[in-house]
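Engineer: Line order of the protein sequences matches chains A and B.
Quick note on the working numbering: the first sequence kicks off at 84 and runs consecutively.
Quick note on the working numbering: the second sequence kicks off at 14 and runs consecutively.
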Amino acid sequence: EAQVTQNPRYLITVTGKKLTVTCSQNMNHEYMSWYRQDPGLGLRQIYYSMNVEVTDKGDVPEGYKVSRKEKRNFPLILESPSPNQTSLYFCASTNLGGKRYNEQFFGPGTRLTVL
Amino acid sequence: GENVEQHPSTLSVQEGDSAVIKCTYSDSASNYFPWYKQELGKRPQLIIDIRSNVGEKKDQRIAVTLNKTAKHFSLHITETQPEDSAVYFCAASGRGATNKLIFGTGTLLAVQP
Numbered sequence: 084e085a086q087v088t089q090n091p092r093y094l095i096t097v098t099g100k101k102l103t104v105t106c107s108q109n110m111n112h113e114y115m116s117w118y119r120q121d122p123g124l125g126l127r128q129i130y131y132s133m134n135v136e137v138t139d140k141g142d143v144p145e146g147y148k149v150s151r152k153e154k155r156n157f158p159l160i161l162e163s164p165s166p167n168q169t170s171l172y173f174c175a176s177t178n179l180g181g182k183r184y185n186e187q188f189f190g191p192g193t194r195l196t197v198l
Numbered sequence: 014g015e016n017v018e019q020h021p022s023t024l025s026v027q028e029g030d031s032a033v034i035k036c037t038y039s040d041s042a043s044n045y046f047p048w049y050k051q052e053l054g055k056r057p058q059l060i061i062d063i064r065s066n067v068g069e070k071k072d073q074r075i076a077v078t079l080n081k082t083a084k085h086f087s088l089h090i091t092e093t094q095p096e097d098s099a100v101y102f103c104a105a106s107g108r109g110a111t112n113k114l115i116f117g118t119g120t121l122l123a124v125q126p
């Protein structure tokens, strides 16, 4: 089954404690991205990756890092989380080929609370 | 910069009525326009999309129309059912090779039984 997975699904942490949210896709997509979703603001892109070892900032990258060492994995790293990073996070994987070009699939989401 | 505006932010309809959600986009180079449905606590799910070479697309009770000249596109849901209640997001592809989707801020649709 084609899917995007994220872990953990829920996380409560404290300010300054480094954390990583993992993302994995099994569709062999080159393009992956991270979003945060906040009430009234919709989905905002944090970082994206066009392929292995190719990453770039989205609209709200401050306080986040990513890496893309393998095609299937795209972890999101918060080196020193702060309360304003409390949000719902979605990883997404995008089809760049064929008739379904640009079709984007979302992971199940990670609800992060930073105290 | 690139922008997608979505209206209304909330919409309440009676079961069986139609619902229409409208979006406008700023980037004339956008060529892909998906609509996502997000139920409470779940991920956004693609429900229909349209590309710039067509003006309308239908899938059972849902349809999307695109007016490239005016830079707006709309989602139409007919014969609404309670299970249609959700937040709906429109999006438009951004400029260049980044494949970035620019999302609207969402419409909360409530279908009253």
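For every residue, glycine included, the Cβ atom is placed at its ideal position computed from N, Cα and C.
Within the same chain, show all residues whose beta-carbon is closer than 8 Å to that of Pro166 of chain A, passing over the 5 residues directly before and after it, in chain order.
Structural biologist: If we look at Pro166 of chain A and ignore the five residues flanking it on each side, its Cβ neighbours are Thr98, Val197, Leu198.
Engineer: Between Ala104 of chain B and the rest of its own chain, which residues show a CB-CB distance below 8 Å, the 5 nearest in sequence each way excluded?
Structural biologist: Once the five neighbours on either side are set aside, the close Cβ partners of Ala104 of chain B are Val17, Phe46, Pro47, Trp48, Tyr49, Leu114, Ile115, Phe116, Gly117.
Engineer: Between the alpha carbons of Leu121 of chain B and Leu126 of chain A, how many angstroms are there, rounded?
Structural biologist: Their Cα atoms are separated by approximately 14 Å.
Engineer: Scan the region 171-192 of chain A for residues whose Cβ lies nearer than 7 Å to a Cβ of chain B and list them as they occur along the chain.
Structural biologist: The residues in question are Phe173, Thr177, Leu179, Asn185, Glu186, Gln187, Phe189, Gly190, Pro191, Gly192.
Engineer: According to DSSP, simplified to helix, strand and coil, what is Gly181 of chain A?
Structural biologist: Residue state, collapsed to three classes: helix.
Engineer: Which full runs of the alpha helix (DSSP H) of 4+ residues lie inside the region 138-163 of chain A, going along the chain?
Structural biologist: With a minimum length of 4 residues, no continuous alpha helix (DSSP H) run stays inside the region 138-163 of chain A.
Engineer: Return the CA-CA distance between Glu28 of chain B and Phe102 of chain B, expressed in angstroms with no decimal places.
Structural biologist: If I take the Cα positions, the gap works out to 21 Å.
Engineer: In the DSSP assignment, the beta strand (DSSP E) including His112 of chain A goes from what residue to what residue?
Structural biologist: From DSSP, His112 of chain A is part of no beta strand (DSSP E); its letter is neither H nor E.
Engineer: Would you say Tyr131 of chain A faces chain B, with C-beta separation under 8 Å as the test?
Structural biologist: Yes, because at least one Cβ of chain B sits closer than 8 Å to the Cβ of Tyr131 of chain A.
Engineer: Nearest chain B C-beta to Gln86 of chain A closer than 8 Å, yes or no?
Structural biologist: So no, Gln86 of chain A is outside the interface.
Engineer: For Gln94 of chain B, count neighbouring Cβ atoms within 10 angstroms of its own Cβ and tell me buried if that reaches 16, exposed if not.
Structural biologist: By the 10 Å Cβ count, Gln94 of chain B comes out exposed.
Engineer: Could you name the residues of the region 29-42 of chain B whose beta carbon sits closer than 8 Å to any beta carbon of chain A, in the order they occur along the chain?
Structural biologist: Residues: none.
Engineer: Taking all protein chains shown into account, decide if Thr177 of chain A is buried (16 or more other Cβ within 10 angstroms of its Cβ) or exposed.
Structural biologist: Under this definition Thr177 of chain A is a buried residue.
Engineer: Does any residue of chain B bring its CB to less than 8 Å from the CB of Gln168 of chain A?
Structural biologist: Answer no: the Cβ-Cβ gap between Gln168 of chain A and chain B never drops below 8 Å.
Engineer: Given Asn80 of chain B, which residues of its chain have a CB within under 8 Å of its CB, disregarding the five upstream and five downstream residues?
Structural biologist: Contacts found: Gly68, Phe86.
Engineer: So which residues of chain A does Phe177 of chain B contact, with C-beta pairs closer than 8 Å?
Structural biologist: A query on residue 177 of chain B cannot be resolved here, the shown segment of chain B reaching from 14 to 126 and no further.
Engineer: Under 7 Å Cβ-Cβ, which residues of chain C neighbour Gly119 of chain B?
Structural biologist: Going by chain labels, chain C is absent from the structure shown, which instead holds the protein chains A and B.
Engineer: Does the CB of Leu53 of chain B have a neighbour CB from chain A at under 8 Å?
Structural biologist: No, its Cβ sits nowhere closer than 8 Å to a Cβ of chain A.
Engineer: Output the boundary residues of the beta strand (DSSP E) element that contains Gly55 of chain A.
Structural biologist: Residue 55 of chain A falls outside the range modelled here, since chain A spans only 84 to 198, and no answer is possible.
Engineer: Quick one: list the residues of chain A neighbouring Ser106 of chain B, beta-carbon separation under 9 Å, in chain order.
Structural biologist: Neighbours of Ser106 of chain B on chain A, chain order: Asn185.
Engineer: When the Cβ atoms of the region 141-149 of chain A are set against those of the region 21-35 of chain B, are three or more pairs found closer than 8 Å?
Structural biologist: Contact between the region 141-149 of chain A and the region 21-35 of chain B is absent, because fewer than three Cβ pairs lie under 8 Å.
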